[in-house]
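Undergrad: Here you go, one structure.
Protein chains: 2
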Amino acid sequence: MYRTHTCGELNIEHTGRQVTLAGWVQTVRKFGSITFVDLRDRYGITQLLFGETLNPRLDQAPLGREFVLQVTGTVTERSNKNKNIPTGDIEITVSDFKVLNAAKTPPFTIQDDTDGGDELRMKYRYLDLRRNAVKQHLELRYRVNRSVRNFLDSRGFMDIETPFLIKSTPEGARDFVVPSRMNPNEFYALPQSPQTFKQLLMVSGYDRYYQIVKCFRDEDLRADRQPEFTQIDCEMSFVEQEDILNTFEDMMKHVFREIRGITFNEPFPRMTWDEAMEFYGNDKPDIRFDMKLVNLTGTVKGRGFKVFDEAELVVAIAAKGCSEYTRKQLDELTEWVKRPQIGMNGLIYVKYNTDGTLKSSVDKFFDEEQLKAWAAQCQAQPGDLLLVLAGREERTRKAMSELRLEMGERLGLRNKNEFKPLWVIDFPLFEYAEEEQRWVARHHPFTSPKPDQLGLMDDPSRYGQIKANAYDIVLNGTEVGGGSIRIFQRDLQEKMFAALGMSPEEAAHKFGFLLGAFEYGAPPHGGIAFGFDRLCALLGGSESIRDFIAFPKNNSGRDVMLDAPSGIDQAQLDELKIALVK
Amino acid sequence: MYRTHTCGELNIEHTGRQVTLAGWVQTVRKFGSITFVDLRDRYGITQLLFGETLNPRLDQAPLGREFVLQVTGTVTERSNKNKNIPTGDIEITVSDFKVLNAAKTPPFTIQDDTDGGDELRMKYRYLDLRRNAVKQHLELRYRVNRSVRNFLDSRGFMDIETPFLIKSTPEGARDFVVPSRMNPNEFYALPQSPQTFKQLLMVSGYDRYYQIVKCFRDEDLRADRQPEFTQIDCEMSFVEQEDILNTFEDMMKHVFREIRGITFNEPFPRMTWDEAMEFYGNDKPDIRFDMKLVNLTGTVKGRGFKVFDEAELVVAIAAKGCSEYTRKQLDELTEWVKRPQIGMNGLIYVKYNTDGTLKSSVDKFFDEEQLKAWAAQCQAQPGDLLLVLAGREERTRKAMSELRLEMGERLGLRNKNEFKPLWVIDFPLFEYAEEEQRWVARHHPFTSPKPDQLGLMDDPSRYGQIKANAYDIVLNGTEVGGGSIRIFQRDLQEKMFAALGMSPEEAAHKFGFLLGAFEYGAPPHGGIAFGFDRLCALLGGSESIRDFIAFPKNNSGRDVMLDAPSGIDQAQLDELKIALVK
Chain A
1 MYRTHTCGEL NIEHTGRQVT LAGWVQTVRK FGSITFVDLR DRYGITQLLF GETLNPRLDQ
61 APLGREFVLQ VTGTVTERSN KNKNIPTGDI EITVSDFKVL NAAKTPPFTI QDDTDGGDEL
121 RMKYRYLDLR RNAVKQHLEL RYRVNRSVRN FLDSRGFMDI ETPFLIKSTP EGARDFVVPS
181 RMNPNEFYAL PQSPQTFKQL LMVSGYDRYY QIVKCFRDED LRADRQPEFT QIDCEMSFVE
241 QEDILNTFED MMKHVFREIR GITFNEPFPR MTWDEAMEFY GNDKPDIRFD MKLVNLTGTV
301 KGRGFKVFDE AELVVAIAAK GCSEYTRKQL DELTEWVKRP QIGMNGLIYV KYNTDGTLKS
361 SVDKFFDEEQ LKAWAAQCQA QPGDLLLVLA GREERTRKAM SELRLEMGER LGLRNKNEFK
421 PLWVIDFPLF EYAEEEQRWV ARHHPFTSPK PDQLGLMDDP SRYGQIKANA YDIVLNGTEV
481 GGGSIRIFQR DLQEKMFAAL GMSPEEAAHK FGFLLGAFEY GAPPHGGIAF GFDRLCALLG
541 GSESIRDFIA FPKNNSGRDV MLDAPSGIDQ AQLDELKIAL VK
Chain B
1 MYRTHTCGEL NIEHTGRQVT LAGWVQTVRK FGSITFVDLR DRYGITQLLF GETLNPRLDQ
61 APLGREFVLQ VTGTVTERSN KNKNIPTGDI EITVSDFKVL NAAKTPPFTI QDDTDGGDEL
121 RMKYRYLDLR RNAVKQHLEL RYRVNRSVRN FLDSRGFMDI ETPFLIKSTP EGARDFVVPS
181 RMNPNEFYAL PQSPQTFKQL LMVSGYDRYY QIVKCFRDED LRADRQPEFT QIDCEMSFVE
241 QEDILNTFED MMKHVFREIR GITFNEPFPR MTWDEAMEFY GNDKPDIRFD MKLVNLTGTV
301 KGRGFKVFDE AELVVAIAAK GCSEYTRKQL DELTEWVKRP QIGMNGLIYV KYNTDGTLKS
361 SVDKFFDEEQ LKAWAAQCQA QPGDLLLVLA GREERTRKAM SELRLEMGER LGLRNKNEFK
421 PLWVIDFPLF EYAEEEQRWV ARHHPFTSPK PDQLGLMDDP SRYGQIKANA YDIVLNGTEV
481 GGGSIRIFQR DLQEKMFAAL GMSPEEAAHK FGFLLGAFEY GAPPHGGIAF GFDRLCALLG
541 GSESIRDFIA FPKNNSGRDV MLDAPSGIDQ AQLDELKIAL VK
């Protein structure tokens, strides 16, 4: 036994007790012949007092930051109490100590407010993990994990492990593949999700399944996307969409209550995909603030203003209380929408002044009455600023969606500690992939069309109209989960694969096991999967998932601490019967 | 909502209630105009009565086995009650029904006692999973998972996810590697265990870590070994071996109590590795029965019997009550030890007859008095049978260990529902790998030598004598867990790598991150990992781990249901910049 107590549990009640602690040296402060050391472990910090009698020995063992120390001593009431920490009323008057391990000076300070840059902290991740801020993130992740498990256990869901070495069935994102020494020239794939397995488990009668499980995508990496990520993966049998929405709304409420102490008394709002696109310009609306998109196309056309007349879409938002934006601020916004990521040619504004007058950047083409009509359509009040974009429909809607978020940010309407979840439902079944010139599944190929639209599956010209029993749960402008009611009939599944351009042979080769399973008594079923990393980040009030992963990869998919991926021996390649192509 | 109740919950209290159930048709029995159907779901079986008035409609919808059915009807008391199932007092008088999905006749019967062979059941695993026997295995696995988590949570262990895409560091078993499109010609490896990560987490101060996690080994497959398997992986800081043994003995007791209702009041026995080898011939003794190995080498040599005189080891067991074994039985045992897997040249026996006389297969060389001395040494009683093997030390000990288990089996001493756990401690640090002509780590290269034997690390000729703070937990002759106190000093870890024949450059290349971490304040730590699949199998009274895995691979590492591994497209290979070698 290296310790009798942790560094987080001693208080005034323990005064006079002899104790042994072990931990890391956080700080060393010398005052003449007396030395104070803050000793840190996972549970807290305790002040150690090395008095005069011990002093010679302490001098012989110079204590640096992050040294690992074991001390024995007596719990003593402190004269100078620290009310900020639970152990702040006491200190340990040290009678004996031992340096268990020395430490070099860390490359950055182990503090909330560290001086270490991103790359350095990734390289020494084991030191970064010591910082209190990072530890709190991992503790939150662990608590969310437990909270989710407890809820799902209580609802009769069974945790069933599905395999990691599966079959490559490229459709959508790219698979990571794994060569096999035992079966040369053949490859396993790592799962992008346990989708087909959880469906098979429903066919097997397991009724309610869950797993908190790693998934893998060999995708081009973007900021905050990891090649391996964790899902809360769930599936239920004999359910309709309503059952799933209710169950997982309950789960989210349970987690919010346990993790953040927030109680939602009302049902989460629901919005159709069409509504989300119309009013927010995207399918994951941030509803912490209003500022809805207003379509002005019909109102503004035909007045001789070429930009509007040639536009597929003219769309506006009303920014509350921004009528006094300066020229400089407006120029800045204009530059903002012209950036390549947004891609607009310009921004039109209308100031609805507090005195009721209106002033716009298009006064040459529109008189005050006309501008007033726009303002009315946007439900703007005196003091507001209308921002108007015009152009190709898809790009313009997307740009306005971004501008809305940007204005929300500038107006301080996106508080990280306010949570506004909602369901977005009735997603389109398909979307058209321009590059590939084919229809692809919006969610995945196992999603069922709405029953009353099954007929449209026979007419490719109407694929775009088909809606699915598919749903996302969106939190503060981020999709945290999504799912669907699945196809459970072989003929419909075959029709779906065909619609996606898969030949019957290809479908049989890739998904023969699932098609086969549907012939032996498949029940109606559906499910959902949550992005666990992202859910934890949002619950922690952060947007960076990397902060909530113990050992994340960088933006190039590298683990800079391990230096992985890396080259492997020729002998390993030979055994695997593969060769490198330079 | 497809149902108001499950097929497992209705009883006599529900009589008169209108209910809706959904599930699978287990059996259909017709009696004139009445049809009985047993409807099955995850929760149980309920009898349905299709009466006369419904009959025409039922005739139009021929119900086969495994059809998916939704029925509405009234809960009615049964005349012919079935006391074997919880719902046996009632049946549902069906008023309405719907076939939700038809089913082809399954390729084998969905019954405990199925007619399906192994390969067929693997191919249609989703049907095999419907069988009650298999479902109970997965339910047990889920219950063990929860039980372990609850225990570890209550002891302050944190579940922390470690990465799956790591660095290849071949040492011991082979890594599966994963080519990377983003980093061409470089490979990730899948973890054989999270060993180094859990050690880094200790360096980071997380104090108590656990994970129930998939691990991967690209090993030659043997019966009942899977390329992917699950570990309960744990690590603790500031502990000595005793702390770890106590903690995880408590965990095992908790699990036995919750899963099997078995209470262990006594501490688990502990045996040194030396004792295990001496008395049981292996390091995972089955102590459900005694029949210890007795070394007769000193006693039997020099009597002119060449087999003994030339042997490195002469070893015996006394099989209780077997003195009346027939010639045929003894011949059979002789053949058994001569099989290539055992590899002995012959078997010597001594019958200690119930009348006190002795009769042996070596009467020519040894008189009754001498045989009596052997019997005494083996603590044999009249009625027992001594079995003696002689030859090269290692092979002979191993053979006797196997023969002991075989005799235990024949004598019915290996009851699957009796549980005899024990700790085997003080493992050797190294073992000599004859093929490679070098020392390898018995447990792994991170295991610490016993502190008082650190000096021996400087003398390769004494490597064989060094014992480690390493321990296994053994249950009924199977290792279910193992671990060690780890090295936490850079210089000792470097010495260890050097002892294993690793150059400083190689050590730095493979494990630089760990050596580095040890310089920044690494605490003393140690841990353990349990084979979760095997633990579940043993708790379920089975020896086959495959029965306790939802989607196992076969003995060639193939998933015959998915047909994985399989070939991949040339386009995928091109993207990965690898080529196949034929």
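Residue numbers (the numbering used here), protein chains in the order written: chain A, 1 to 582; chain B, 1 to 582. Don't be surprised by glycine CBs; every beta carbon is placed ideally from N, CA and C.
Alpha carbon to alpha carbon, how far is residue 414(B) from residue 135(B)?
TA: Taking the second sequence and counting its residues from 1, the one referred to as residue 414(B) is at position 414. Taking the second sequence and counting its residues from 1, the one referred to as residue 135(B) is at position 135. Approximately 25 Å, taken between the alpha carbons.
Undergrad: Entirely within the stretch 335–402 of chain A and at least 3 residues each: give me those beta strand (DSSP E) ranges in chain order.
TA: Counting only runs of 3 or more, we get 348–352, 358–360 and 385–391.
Undergrad: What do you get for residue 22(B), buried or exposed, if any count of 16 or more other CB atoms within 10 angstroms of its CB means buried?
TA: Residue mapping note: residue 22(B) aligns to position 22 of the second sequence, counting from 1. Buried, since its Cβ has 16 or more Cβ neighbours within 10 Å.
Undergrad: Report the CB separation of residue 33(A) from residue 52(A) in whole angstroms; it is logged as a contact under 8 Å.
TA: Against the first sequence, residue 33(A) aligns to sequence position 33. Against the first sequence, residue 52(A) aligns to sequence position 52. At roughly 5 Å, the Cβ-Cβ gap stays under 8 Å, so residue 33(A) and residue 52(A) are in contact.
Undergrad: Identify each residue in the stretch 401–418 of chain A for which the Cβ-Cβ distance to at least one residue of chain B is less than 7 Å, and report them in chain order.
TA: Correct list: empty, as no residue qualifies.
Undergrad: Thinking just about the alpha-carbon of each residue, which of 6(B), 564(B) and 500(B) is nearest to the one in residue 208(A)?
TA: In the first sequence, the residue the question calls residue 208(A) occupies position 208. Checked all of 6(B), 564(B) and 500(B); the closest Cα to residue 208(A) is 6(B).
Undergrad: Rounded to whole angstroms, what's the CA-CA distance from residue 418(B) to residue 125(A)? Just pull it up for me.
TA: Within the second sequence, numbered from 1, the residue matching residue 418(B) stands at position 418. Within the first sequence, numbered from 1, the residue matching residue 125(A) stands at position 125. Cα to Cα, residue 418(B) sits roughly 46 Å from residue 125(A).
Undergrad: Could you list the residues in the stretch 203–214 of chain A with a C-beta less than 7 Å from some C-beta on chain B, going in chain order?
TA: The stretch 203–214 of chain A vs chain B, Cβ under 7 Å: 203, 204, 205, 206, 207 and 214.
Undergrad: Which of the three DSSP states, helix, strand or coil, is assigned to residue 9(B)?
TA: On the second sequence, position 9 is the one that residue 9(B) refers to. The answer is coil: DSSP assigns residue 9(B) none of H, G, I, E or B.
Undergrad: I want to verify the contact list: residues of chain A whose CB lies under 8 Å from the CB of residue 183(B), in sequence order.
TA: Position 183 of the second sequence, counted from the start, is the residue given in the question as residue 183(B). Correct list: 556, 557, 558 and 565.
Undergrad: Is there at least one Cβ from chain A nearer than 8 Å to residue 495(B)'s Cβ?
TA: On the second sequence, position 495 is the one that residue 495(B) refers to. No, because no Cβ of chain A sits closer than 8 Å to the Cβ of residue 495(B).
Undergrad: Quick one: Cα of residue 315(B) to Cα of residue 541(B), how far?
TA: For this step, residue 315(B) is matched to residue 315 along the second sequence. For this step, residue 541(B) is matched to residue 541 along the second sequence. Rounded to the nearest angstrom, the two C-alpha atoms are 31 Å apart.
Undergrad: Hey, which unbroken runs of the alpha helix (DSSP H) at 4 residues or more fall wholly within the stretch 117–144 of chain A?
TA: The stretch 117–144 of chain A contains these whole alpha helix (DSSP H) runs: 118–123 and 125–128.
Undergrad: With 16 other CB atoms within 10 Å as the buried threshold, where does residue 461(A) fall?
TA: By 1-based counting over the first sequence, the position of residue 461(A) is 461. With fewer than 16 Cβ atoms within 10 Å of its Cβ, residue 461(A) is classed as exposed.
Undergrad: Assuming residue 76(A) contacts residue 90(A) (C-beta within less than 8 Å), just tell me the rounded distance between them.
TA: Mapped onto the first sequence, residue 76(A) falls at position 76. Mapped onto the first sequence, residue 90(A) falls at position 90. Sure, about 6 Å apart at Cβ, within 8 Å.
Undergrad: Report yes if the C-beta distance between residue 18(A) and residue 72(A) is below 8 Å; otherwise report no.
TA: For the purposes of this step, residue 18(A) is taken as the residue at position 18 of the first sequence. For the purposes of this step, residue 72(A) is taken as the residue at position 72 of the first sequence. Yes.
Undergrad: From the DSSP output, which residues share a beta bridge with residue 236(A)?
TA: Within the first sequence, residue 236(A) is the residue found at index 236, counting from 1. Its beta-bridge partners are 208(A) and 526(A).
Undergrad: Give the DSSP-derived three-state secondary structure of residue 504(B) in the structure shown.
TA: What you label residue 504(B) is simply residue 504 of the second sequence in a count that begins at 1. Reduced to three states, the DSSP call for residue 504(B) is helix.
Undergrad: For residue 145(B), go through chain A and note every residue whose CB falls closer than 7 Å to its CB, in chain order.
TA: Within the second sequence, numbered from 1, the residue matching residue 145(B) stands at position 145. Near residue 145(B) (Cβ distances below 7 Å), the residues of chain A are 159.
Undergrad: In whole angstroms, what separates the C-alpha of residue 175(B) from that of residue 249(A)?
TA: Here residue 175(B) is taken as the residue at index 175 of the second sequence, counted from 1. Here residue 249(A) is taken as the residue at index 249 of the first sequence, counted from 1. So the alpha carbons of these two residues sit roughly 41 Å apart.
Undergrad: Take residue 292(B) and list the residues in its own chain whose beta-carbon comes closer than 6 Å to its own, dropping the five residues that flank it on each side.
TA: Here residue 292(B) is taken as the residue at index 292 of the second sequence, counted from 1. Same-chain partners within the cutoff: 279.
Undergrad: So what's residue 2(B) in DSSP terms, helix, strand or just coil?
TA: Taking the first residue of the second sequence as position 1, residue 2(B) is located at position 2. Coil, per DSSP.
Undergrad: Show which residues of chain A have a CB atom less than 8 Å away from the CB atom of residue 455(B).
TA: Taking the second sequence and counting its residues from 1, the one referred to as residue 455(B) is at position 455. Simply none; closest approach about 20 Å.
Undergrad: Please tell me whether residue 19(A) has its Cβ less than 8 Å away from any Cβ of chain B.
TA: Taking the first sequence and counting its residues from 1, the one referred to as residue 19(A) is at position 19. No - not a single Cβ of chain B is within 8 Å of the one on residue 19(A).
Undergrad: For my contact list, residue 563(A) and residue 551(A) are in at a C-beta cut-off of 8 Å; report their separation, rounded to the angstrom.
TA: By one-based count along the first sequence, residue 563(A) stands at place 563. By one-based count along the first sequence, residue 551(A) stands at place 551. Not a contact, Cβ separation roughly 13 Å.
Undergrad: Does DSSP put residue 459(B) in a helix, a strand or coil?
TA: As a first step, residue 459(B) is located in the second sequence; it is residue number 459 there, counting from the start. Residue 459(B) falls in the coil class under three-state DSSP.
Undergrad: On the DSSP bridge list, what partners appear for residue 482(A)?
TA: On the first sequence, position 482 is the one that residue 482(A) refers to. DSSP, once it has assigned bridges, lists 472(A) and 529(A) as partnering residue 482(A).
Undergrad: Along the chain, where does the beta strand (DSSP E) that runs through residue 280(B) open and close?
TA: In the second sequence, the residue the question calls residue 280(B) occupies position 280. That residue, residue 280(B), is in no beta strand (DSSP E); its alpha helix (DSSP H) goes 273–280.
Undergrad: Return the bridge partner residues of residue 35(B) from the DSSP annotation.
TA: If you number the second sequence from 1, residue 35(B) lands on position 35. Per DSSP, 30(B) and 50(B).
Undergrad: Under 8 Å, Cβ to Cβ, is there at least one residue of chain B near residue 224(A)?
TA: As a working note, residue 224(A) is residue 224 in the first sequence. Chain B, which has no Cβ nearer than 8 Å to the Cβ of residue 224(A), makes this no.
Undergrad: To the nearest angstrom, how far is it from the Cα of residue 116(A) to the Cα of residue 287(B)?
TA: Translated into positions along the first sequence, residue 116(A) becomes position 116. Translated into positions along the second sequence, residue 287(B) becomes position 287. Rounded to the nearest angstrom, the two C-alpha atoms are 56 Å apart.
Undergrad: Nearest-angstrom Cα distance between residue 443(A) and residue 188(B)?
TA: In the first sequence, counting from the first residue as 1, residue 443(A) sits at position 443. In the second sequence, counting from the first residue as 1, residue 188(B) sits at position 188. Their backbone Cα atoms lie some 29 Å apart in a straight line.
Undergrad: Relative to the alpha-carbon of residue 313(B), which residue among 368(B), 392(B) and 369(B) has its alpha-carbon at the smallest distance?
TA: Locating residue 313(B) in the second sequence gives position 313, counting from the first residue. Of 368(B), 392(B) and 369(B), the residue nearest in Cα terms is 392(B).
Undergrad: When DSSP labels each residue in this structure, what does residue 150(B) get in the three-state scheme?
TA: Taking the first residue of the second sequence as position 1, residue 150(B) is located at position 150. In the structure shown, residue 150(B) sits in a helix (DSSP, three-state: H, G or I).
Undergrad: Please name the residues in the stretch 521–535 of chain B whose beta-carbon is closer than 7 Å to at least one beta-carbon of chain E, in chain order.
TA: Checking the listed chains, one finds no chain E in this structure; the protein chains it contains are A and B.
Undergrad: Tell me which residue opens and which closes the alpha helix (DSSP H) that residue 454(B) is part of.
TA: As a working mapping, residue 454(B) is identified with position 454 in the second sequence. Premise fails: residue 454(B) is in no alpha helix (DSSP H) and is neither H nor E.
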